[in-house]
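Trainee: Throughout, this note's numbering is defined as the position within the sequence shown, counted from one, plus 4.
Let me give you the structure first, and then I'll get to my questions.
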Amino acid sequence: MLISMKTSNERTWNWKQADGSTFKVVSNPDKGTIVVYKDDGKIVLEKKNLSPEQVKLIEQHFLNVVTRKKQTYVKNTPKYDPMVA
């Protein structure tokens with residue numbers, strides 16, 4: 005049995021993909037790691053031996069970009085009108 009122990013500085017979030025799948029991102033500044041998993045648990049990306057500052061910078065940049073793209077998509081997406089469809 006595999007038991008995952010979450011450490012105090014571990015951060016986990018879900019990253020929605022355009023195809024409807026969701027990647028799970030786990031970062032830990034203390035360990036210097038960032039790991040991205042597919043829905044099926046396979047590792048898509050794994051970065052090790054990062055400094056805490058590098059992990060925090062990558063997290064901040066990633067979240068800013070994803071949030072900006074999501075806001076742009078929502079703002080530019082027309083409302084559904086059943087009379088037009």
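Cβ coordinates follow ideal geometry from the N, Cα and C atoms, glycine included.
If you're wondering where the values come from, they're calculated on a predicted model, not measured in any experiment.
Indicate whether G36 and K52 have their beta-carbon atoms separated by less than 8 Å.
Mentor: Cβ distance < 8 Å, so G36 and K52 count as in contact.
Trainee: Any idea if N13 is buried or exposed, counting beta-carbon neighbours within 10 angstroms, 16 or more meaning buried?
Mentor: The residue is exposed, with fewer than 16 neighbouring Cβ atoms inside 10 Å.
Trainee: Apart from the five residues just before and just after Y41, which ones in its own chain have a Cβ nearer than 7 Å to its Cβ?
Mentor: Contacts found: F27, K28, I47, V48.
Trainee: For P33 and V69, which I take to be in contact (beta-carbon distance under 8 Å), what is that distance rounded to the nearest angstrom?
Mentor: About 19 Å; that fails the 8 Å criterion.
Trainee: Rounded to a whole number of angstroms, what is the C-alpha to C-alpha distance between I62 and K20?
Mentor: So the alpha carbons of these two residues sit roughly 18 Å apart.
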